[in-house]
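Those protein sequence lines, which keep their order, are chains F and Y.
First residue of the first sequence: 1, per my numbering; consecutive thereafter.
First residue of the second sequence: 549, per my numbering; consecutive thereafter.
Here the structure is laid out as structure tokens; the discussion comes afterwards.
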Amino acid sequence: MEDDKLLQIKDLVVEGLSDEKWQTLVNGISLTLKRGEVLGLIGESGAGKSTIGLAAMGYARQGCRIASGSIKLDKTELFNATPEYLRSIRGTKISYVAQSAAASFNPAHRVIKQYTEGPIRHGLMDSSQAEEEAIEIYDRLFLPNPEKIGFRYPHELSGGQLQRAMVAMAKSCQPDIIIFDEPTTALDVTTQIEVLAAIKEITEKMNKAALYITHDLAVVAQVAHRIMVLRHGSLVEEGNVREIIKNPQKQYTRDLLNVRNLRSEKSLAEKQDVILEIKDVEATYTGKEKVLQDINIRIKKGRTIALVGESGSGKSTLAKVITGLLPATHGKITFLGEELPLQLKHRDRDSLRKLQMIYQMPDTALNPRHTVRTVIGRPLEFYFGMKGKEVEDRTKELLEKIELNPDKYIDRYTTQLSGGEKQRVCIARALAAEPELIICDEITSALDQLVAEGVLKLLQNLQNELDVSYLFITHDLATVKAISDNIVIMLEGRVIEQGEKKEILSPPHHAYTDKLLGSIPEMDPDWLDNLLDERASIYLENPPNSLG
Amino acid sequence: MFKLLRQSPISARFGMIMIVLTLILAIFAPLIAPYEETKVVGDVWEEFSSKFYLGTDHIGRDLFTRMVYGARNTIALAFFTTAMSFSLGVLFGFLAASVGGWLEQILSRVFDILMAFPTLIFCLMILSIVGASIPNLIITVAILDSTRVYRLARAVAMDIAVMEFVEAARLRGEGNWWIMRHELLPNALPPLVAEFGLRFCFVFLFIASLSFLGLGIQPPTADWGGMVRENAGAITFGIYTPLFPAGAIAFLTVGVNLVVDWFLHIASRLED
């Protein structure tokens with residue numbers, strides 16, 4: 001059975017240079033990978049997943065080094081192997097699929113040319129052979145129009161298609177092992193399925209071994225046989241997928257599993273005051289094509305409305321229209337009983353104050369040269385004319401509300417905060433204005449699961465305390481389930497369904513809602529297979545025009 | 549502030565010492581200089597002696613005295629000019645970036661037109677129309693120099709103006725002036741400061757070349773650039789006189805840049 005072990009990593013230690021000292025990133029990890037096996041590496045950012053993935057190819061990022069341990073690929077030691085040798089095995093024995101296919105493809109070359117580059121470079125095939133093979137693999141990975149799609153440029157393909165083309169590329173030289181580094185993280189749930197199916201096709205039907213790196217336990221459950229849970233570069237727990245999901249041994253794994261669970265239902269005491277009403281709103285960027293059409297939404301006091309849709313559905317545009325950054329070309333927005341001017345510059349200070357916004361990327365939403373004191377203090381000065389001590393006291397009070405220690409954090413620069421802390425400061429900045437409505441634009445998607453969970457809980461508590469309403473823009477349905485009272489589903493710039501959470505989440509739904517809801521990975525290793533079988537049988541009855 | 553100074557690296561301290569020395573010379577010029585600025589006190593190009601510490605210049609004025617007064621004129625002139633060109637360039641650059649639209653178009657085209665003329669020739673033309681007084685000199689050079697600053701400031705600010713924290717400030721209802729000062733300026737400072745150090749040195753070289761053409765600082769007022777030019781002929785006779793003002797220019801340039809480097813280092817460290 002020894003022959004079965006394709007990859008053997010023993011006591012791997014990887015260090016990174018930080019503040020002119022070597023700090024341990026991966027601390028003594030050992031793993032083995034057999035032929036045909038998929039091993040999932042799971043953990044939050046900073047857990048060392050990607051570092052292990054790259055080390056398996058004998059590679060360390062700039063500023064990092066593989067300090068000790070042994071990496072055996074097919075019985076050859078990669079630790080301290082020559083660069084020439086490493087180059088010769090990359091692609092042919094082991095290959096890598098990165099998180100963002102859009103950033104990994106060279107935009108100046110056709111997709112198929114990038115596929116054939118590897119086999120030609122390693123002298124395995126000539127270009128016409130390689131192209132034929134590419135087309136065959138594109139077909140197997142369910143890419144629409146496989147004969148032609150490869151001859152397009154990367155920008156002419158969608159994100160999901162590119163990611164599948166990338167998976168195809170990874171297997172172009174027939175490697176034994178493929179490393180998938182968060183291949184679906186940047187994709188919508190509906191596209192994620194297509195890529196997961198493609199990955200399953202490659203690993204199962206073509207008998208490849210794979211390392212699958214992700215932070216999403218439900219995703220890894222679909223493709224992996226075994227899971228290693230990592231935290232801060234060390235192993236937390238390792239085992240069979242089904243066992244870990246059914247019976248996790250460690251608290252940390254349990255926390256990761258629990259994130260997806262529903263929080264307690266909020267009492268839906270009838271509250272009648274509508275604070276924001278959007279009526280027949282239309283908007284356009286170019287003057288011709290409408291990006292929003294016939295939008296009608298009402299938001300009630302103290303409630304959370306989730307605005308759901310894939311990227312490009314117009315969710316963020318609607319936020320821009322409400323805030324007045326992009327004036328609506330048609331329609332009416334009524335806020336607290338008064339009609340809002342459509343343009344930002346015509347709005348008065350008080351209506352600006354009552355409508356606050358929190359952004360997706362806390363890094364760019366906070367000025368890197370301001371301290372927490374300035375960030376939170378400014379709205380206090382600006383809207384309420386507070387000065388000196390008054391500002392300081394109120395700022396500290398707000399910091400306490402967002403569960404950050406006032407004395408420790410008030411004089412920090414925003415760059416000295418972690419992602420979750422930054423997002424909390426953004427929340428405090430919005431709260432400082434004492435708003436009636438806060439628009440939250442994908443505020444958790446840049447955060448790790450457990451951190452995001454903390455932020456959502458905080459928002460929930462604040463709502464209970466302050467009776468503020470949220471318009472929650474997201475593509476993550478798990479979040480929606482967890483926090484919303486009402487749901488609005490958008491597709492291609494229109495609202496296709498809206499109502500109370502219970503109504504929307506229980507059948508019958510609109511066909512698109514159905515697809516969206518059905519695409520959320522569940523914590524069940526058989527979920528993907530069942531879903532694909534189910535969809536395949538529907539397709540057999542009504543063949544779609546294109547699978548893309 | 550003191551804490552920051554105490555942590556400064558040795559190179560920055562050198563730079564600061566160099567600048568402070570020059571400033572002391574400049575401020576206390578009448579007390580330090582042994583003679584009057586424009587008085588002929590000896591022979592042409594005398595060697596140094598206990599009477600003339602650095603010898604005399606091409607018409608017999610004490611070189612040390614001229615150097616001390618020259619520091620005053622040169623630094624003041626270069627500083628005011630650079631400060632003014634930066635205020636203009638940064639103000640218009642930020643306005644263009646944060647307001648955008650037709651204002652940006654008009655500003656950019658005006659600056660394009662200014663840049664289309666060779667600086668020296670344009671400057672000569674204007675100075676010969678308005679007359680070569682020191683205020684005229686400062687204003688003219690500052691305006692012409694501000695075109696470069698404008699382009700840099702606008703480019704840097706455009707990158708910052710699209711960030712969400714600027715959008716957040718706009719949604720709060722802040723005016724352009726506040727956004728420019730509090731959101732744009734602190735983030736645009738590192739490249740602007742680096743440019744300041746460089747332009748500061750260019751400006752007094754530029755004024756020296758204007759003096760050479762008779763439109764800069766008018767003799768007998770002492771300035772380092774002018775002194776290099778007046779005494780340049782001496783070098784062919786193996787006389788070191790022009791090396792002193794030239795060395796002084798180099799000395800101040802190096803000092804300013806050492807401090808600027810340190811400042812850049814502090815400014816960029818905040819980012820990581």
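No residue lacks a Cβ here, since even glycine has one placed at the ideal position from N, Cα and C.
Where does the unbroken beta strand (DSSP E) through G493/F begin, and where does it stop?
-> Taking the first residue of the first sequence as 1, we reach residue 493/F at position 493. Neither: G493/F is in no beta strand (DSSP E) and is coded neither H nor E.
If we count the other Cβ atoms within 10 Å of its Cβ and call it buried at 16 or more, is Q343/F buried or exposed?
-> For the purposes of this step, residue 343/F is taken as the residue at position 343 of the first sequence. Classification for Q343/F: exposed.
Among T116/F, Y138/F, I42/F, T317/F, which has the Cα closest to the Cα of Q129/F?
-> What you label residue 129/F is simply residue 129 of the first sequence in a count that begins at 1. Among T116/F, Y138/F, I42/F, T317/F, the Cα nearest to that of Q129/F belongs to T116/F.
Helix, strand or coil: how does DSSP classify G16/F here?
-> Sequence index remark: in the first sequence, residue 16/F carries index 16 (1-based). G16/F: strand per DSSP, three-state reduction.
Thinking C-alpha only, which one of Y85/F, I178/F, K21/F, D280/F is nearest K34/F?
-> Taking the first sequence and counting its residues from 1, the one referred to as residue 34/F is at position 34. Among Y85/F, I178/F, K21/F, D280/F, the Cα nearest to that of K34/F belongs to I178/F.
Can you find a C-beta in chain F that's less than 7 Å from the C-beta of E731/Y?
-> Stepping through the second sequence from its first residue, residue 731/Y is reached at position 183. Chain F contact via Cβ: present.
Does the beta carbon of L719/Y sit closer than 7 Å to a beta carbon anywhere in chain F?
-> To locate residue 719/Y, count along the second sequence from 1; it is residue 171. Chain F, which has a Cβ nearer than 7 Å to the Cβ of L719/Y, makes this yes.
Cβ of R369/F less than 7 Å from any chain Y Cβ?
-> Here the question's residue 369/F lines up with position 369 in the first sequence. Chain Y contact via Cβ: present.
List the residues of chain Y that M361/F touches, going by C-beta distances under 7 Å, in chain order.
-> The residue labelled residue 361/F in the question sits at position 361 within the first sequence. Under the 7 Å cutoff, chain Y gives E712.
Answer with yes or no whether the minimum CB distance from M357/F to chain Y is below 7 Å.
-> Taking the first sequence and counting its residues from 1, one reaches residue 357/F at position 357. Answer yes: the Cβ-Cβ gap between M357/F and chain Y drops below 7 Å somewhere.
Which one of I783/Y, T784/Y, F576/Y, L685/Y has the shortest CA to CA distance from V751/Y?
-> The residue labelled residue 751/Y in the question sits at position 203 within the second sequence. When only C-alpha atoms are compared, the closest one is L685/Y.
With respect to the alpha helix (DSSP H) encompassing D441/F, which residues constitute its N-terminal and C-terminal limits?
-> Here residue 441/F is taken as the residue at index 441 of the first sequence, counted from 1. It is not in any alpha helix (DSSP H) - D441/F instead sits in the beta strand (DSSP E) that spans 437–441.
Interface residues of chain Y around T323/F at Cβ under 7 Å?
-> Position 323 of the first sequence, counted from the first residue, corresponds to residue 323/F. Simply L719.
Going by C-alpha distance, which of D809/Y, A709/Y, S681/Y, A782/Y is nearest E764/Y?
-> Counted from its first residue, the second sequence places residue 764/Y at position 216. Note on residue identity: the sequence assigns Gly, not Glu, to residue 764/Y. For G764/Y, the nearest C-alpha among the options comes from S681/Y.
Quick one: what does DSSP say Q222/F is sitting in, helix, strand or coil?
-> As a working mapping, residue 222/F is identified with position 222 in the first sequence. In this structure, Q222/F counts as helix in the three-state DSSP scheme.
Pairwise C-alpha distance: F142/F and I135/F | Against the first sequence, residue 135/F aligns to sequence position 135. Against the first sequence, residue 142/F aligns to sequence position 142. Taken atom to atom, the span from the alpha-carbon of I135/F to that of F142/F is near 11 Å.
S556/Y to Q114/F span [Cα, whole Å] = On the second sequence, residue 556/Y is found 8 positions in, with the first residue counted as 1. On the first sequence, residue 114/F is found 114 positions in, with the first residue counted as 1. One C-alpha to the other measures close to 51 Å.
Would you mind listing the beta strand (DSSP E) stretches within the segment 156–194 of chain F that are 3+ residues and don't spill past its ends, in chain order?
-> Runs found: 177–181.
State buried or exposed for R263/F, treating a residue as buried only when at least 16 other CB atoms are found within 10 Å of its CB.
-> For the purposes of this step, residue 263/F is identified with residue 263 of the first sequence, where counting begins at 1. Summary for R263/F: the model assigns pLDDT 48, below 50, so the residue's position carries little reliability, and this model does not support an answer.
Sorted by chain position, which residues of the same chain lie with C-beta nearer than 8 Å to L458/F's C-beta, five sequence neighbours on each side aside?
-> Numbered from its first residue, the first sequence carries residue 458/F at position 458. Closer than 8 Å at Cβ, skipping near neighbours: I402, E403, R424, I427.
Would you list the residues sitting across from V229/F in a DSSP beta bridge?
-> Translated into the one-based positions of the first sequence, residue 229/F becomes position 229. Residue pairing for V229/F: DSSP places it in a beta bridge opposite I42/F, E237/F.
Return the first residue and the last residue of the alpha helix (DSSP H) that W650/Y is part of.
-> Taking the first residue of the second sequence as position 1, residue 650/Y is located at position 102. W650/Y -> alpha helix (DSSP H) spans 649–664.
Taking the continuous beta strand (DSSP E) assigned at W22/F, which residues delimit it?
-> Position 22 of the first sequence, counted from the first residue, corresponds to residue 22/F. Its beta strand (DSSP E) spans residues 21–34.
Check whether the Cβ of A365/F lies closer than 7 Å to any Cβ atom in chain Y.
-> Within the first sequence, the letter at position 365 stands for residue 365/F. Yes, A365/F counts as interfacial toward chain Y.
Is the Cβ of L812/Y closer than 7 Å to any Cβ of chain F?
-> Start at 1 with the first residue of the second sequence, and residue 812/Y comes out as number 264. Taking 7 Å as the CB threshold, L812/Y stays off the interface with chain F.
Hey, T629/Y and V689/Y are a contact pair by Cβ (cut 8 Å); roughly how many whole angstroms apart?
-> Residue 629/Y sits at position 81 when you count from the first residue of the second sequence. Residue 689/Y sits at position 141 when you count from the first residue of the second sequence. Right, their Cβ atoms sit about 5 Å apart.
Exposed or buried, R554/Y, counting other C-beta atoms within 10 Å across all chains shown (16 or more means buried)?
-> Along the second sequence, one-based indexing puts residue 554/Y at 6. With fewer than 16 Cβ atoms within 10 Å of its Cβ, R554/Y is classed as exposed.
Tell me which same chain residues have a C-beta within less than 6 Å of the C-beta of V704/Y, skipping the five on either side of it?
-> Counting from one through the second sequence, the residue named residue 704/Y turns up at place 156. Here the set comprises A736, P739.
Roughly how many whole angstroms lie between the Cα atoms of L450/F and D216/F?
-> Numbered from 1 along the first sequence, position 450 holds the residue referred to as residue 450/F. Numbered from 1 along the first sequence, position 216 holds the residue referred to as residue 216/F. Each residue's alpha carbon lies about 11 Å from the other.
Kindly indicate if chain Y contains any beta-carbon less than 7 Å away from that of S264/F.
-> Here residue 264/F is taken as the residue at index 264 of the first sequence, counted from 1. Any answer about S264/F is weak, because its pLDDT of 48 lies below 50 and its placement is not dependable; what the coordinates show is given next. Contact with chain Y is absent for S264/F, since none of that chain's Cβ atoms lies less than 7 Å from the residue's Cβ.
In chain order, which continuous runs of the beta strand (DSSP E) of length 3 or greater are located wholly inside the segment 269–336 of chain F?
-> Entirely contained in the segment 269–336 of chain F, the beta strand (DSSP E) runs reaching 3 residues are, in chain order, 274–284, 290–300, 304–308, 330–335.
To the nearest angstrom, report how far apart N207/F and R303/F are at their CA atoms.
-> Translated into the one-based positions of the first sequence, residue 207/F becomes position 207. Translated into the one-based positions of the first sequence, residue 303/F becomes position 303. Each residue's CA atom was taken as its position, placing N207/F and R303/F some 50 Å apart.
For the segment 411–472 of chain F, list the beta strand (DSSP E) runs that are entirely contained and at least 3 residues long, ordered along the chain.
-> 437–441, all fully within the segment 411–472 of chain F.
Nearest to A44/F by alpha carbon, out of G28/F, D139/F, D255/F, N367/F?
-> Translated into the one-based positions of the first sequence, residue 44/F becomes position 44. Correcting the residue identity first, residue 44/F is Glu in this sequence and not Ala. If we check each option's Cα against that of E44/F, D255/F comes out closest.
Contact the segment 162–169 of chain F vs the segment 179–194 of chain F: 3+ CB pairs below 8 Å | With a cut-off of 8 Å, the segment 179–194 of chain F and the segment 162–169 of chain F count as touching, because enough Cβ pairs lie within range.
Where DSSP assigns a beta bridge to E338/F, which residues make up the other side?
-> Against the first sequence, residue 338/F aligns to sequence position 338. Under DSSP, the beta-bridge partners assigned to E338/F are F335/F.
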